[in-house]
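Worksheet for the structure shown next.
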């Protein structure tokens with residue numbers, strides 16, 4: 002009942018459309034890595050996936066009445082963002098070992114201005130250690146509909162692009178492979194953003 006409501010809201014209010022759905026692997030360990038622009042990102046990105054998707058969410062969100070229950074229903078698990086959180090990392094590793102899909106936002110939090118931020122290394126180290134492919138996802142138009150300074154979103158048009166998966170290099174130590182994997186994924190995500198939302202040179 003809930004997911005059809007999200008689908009109707011996403012399509013009707015945000016005008017969401019999907020590209021590259023055929024690139025979503027139907028099975029096997031997978032890290033889904035979107036740019037992060039709105040609170041609605043996890044729900045919208047999972048709509049086109051024909052498999053369960055788990056995701057990390059800021060631990061303080063779980064204390065918000067009703068919203069905390071909602072994100073748990075959506076298979077969220079808490080992440081301490083102010084410091085390293087080995088519990089969340091172990092939870093993600095267990096899911097990947099079981100062949101599940103885990104969504105991790107490489108920027109760590111929502112972009113303040115729509116521009117793609119620097120990536121944190123955790124998702125890419127995890128992919129290398131677990132042998133999981135990364136599915137880059139570009140969310141276009143989300144910042145215009147729901148910038149951080151707005152309490153509620155306005156109607157808009159959001160496009161979600163699922164790019165071909167990127168796999169870690171075989172036989173390369175994670176400390177070497179992870180930064181290169183992050184560079185590849187960031188370049189792919191940025192390729193579908195409008196110029197004013199792409200990373201600045203040297204960023």
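In my numbering, the protein residues as written are 2 to 204.
We treat Cβ as the ideally placed atom computed from N, Cα and C, and that holds for glycine.
None of these values were measured; they are calculated from a predicted model.
Which of helix, strand or coil DSSP assigns to residue i
| i | result |
| --- | --- |
| residue 196 | helix |
| residue 2 | Note that residue 2 scores a pLDDT of 46, beneath 50, so its modelled location is shaky; the value from the coordinates is reported in the next line. Looking at residue 2 - three-state DSSP - the assignment turns out to be coil, as it is neither helix nor strand. |
| residue 137 | strand |
| residue 106 | coil |
| residue 159 | coil |
| residue 130 | helix |
| residue 120 | coil |
| residue 28 | coil |
| residue 184 | helix |
| residue 111 | coil |
| residue 167 | strand |
| residue 1 | With the chain covering 2 to 204 only, the question about residue 1 has no answer from this structure. |
| residue 96 | helix |
| residue 206 | Look at the range of the chain in this structure, 2 to 204, and you will see that residue 206 is not part of it. |
| residue 191 | helix |
| residue 22 | helix |
Spatially closest choice to residue i from the options, by CA coordinates
| i | options | result |
| --- | --- | --- |
| residue 15 | 66, 73, 45 | 45 |
| residue 132 | 73, 142, 93, 119 | 93 |
| residue 105 | 74, 138, 73 | 138 |
| residue 195 | 74, 186, 109, 144 | 144 |
| residue 156 | 185, 165, 142, 163 | 142 |
| residue 80 | 91, 172, 70, 74 | 91 |
| residue 185 | 122, 55, 76 | 122 |
| residue 204 | 165, 164, 108 | 108 |
| residue 25 | 88, 62, 165, 158 | 165 |
| residue 160 | 190, 119, 71, 173 | 190 |
| residue 38 | 52, 87, 151, 12 | 151 |
| residue 202 | 119, 43, 29 | 119 |
| residue 27 | 43, 51, 62 | 51 |
| residue 12 | 158, 62, 60 | 158 |
| residue 42 | 197, 147, 187 | 147 |
Distance between beta carbons of residue j and residue i, contact taken as under 8 angstroms
| i | j | result |
| --- | --- | --- |
| residue 140 | residue 167 | The Cβ separation is near 17 angstroms, so there is no contact. |
| residue 154 | residue 111 | Contact doesn't hold; Cβ gap of about 13 angstroms is too wide. |
| residue 57 | residue 74 | Their Cβ separation, rounded to whole angstroms, is 16 angstroms, which puts residue 57 and residue 74 out of contact at 8 angstroms. |
| residue 54 | residue 102 | 5 angstroms |
| residue 183 | residue 125 | 4 angstroms |
Quick one: which unbroken beta strand (DSSP E) runs of 3-plus residues sit fully inside the stretch 32 to 78? Chain order, please. 54 to 59
Between the stretch 110 to 119 and the stretch 84 to 102, do at least 3 Cβ pairs fall closer than 8 angstroms? Contact between the stretch 110 to 119 and the stretch 84 to 102 is absent, because fewer than three Cβ pairs lie under 8 angstroms.
Would the stretch 61 to 76 count as touching the stretch 19 to 30 if we require 3 or more Cβ pairs under 8 angstroms? no
So, does the stretch 47 to 61 touch the stretch 27 to 35, judging by three or more C-beta pairs under 8 angstroms? yes
When you compare the stretch 116 to 130 with the stretch 178 to 188, are there three or more beta-carbon pairs, one atom per stretch, that lie closer than 8 angstroms? yes
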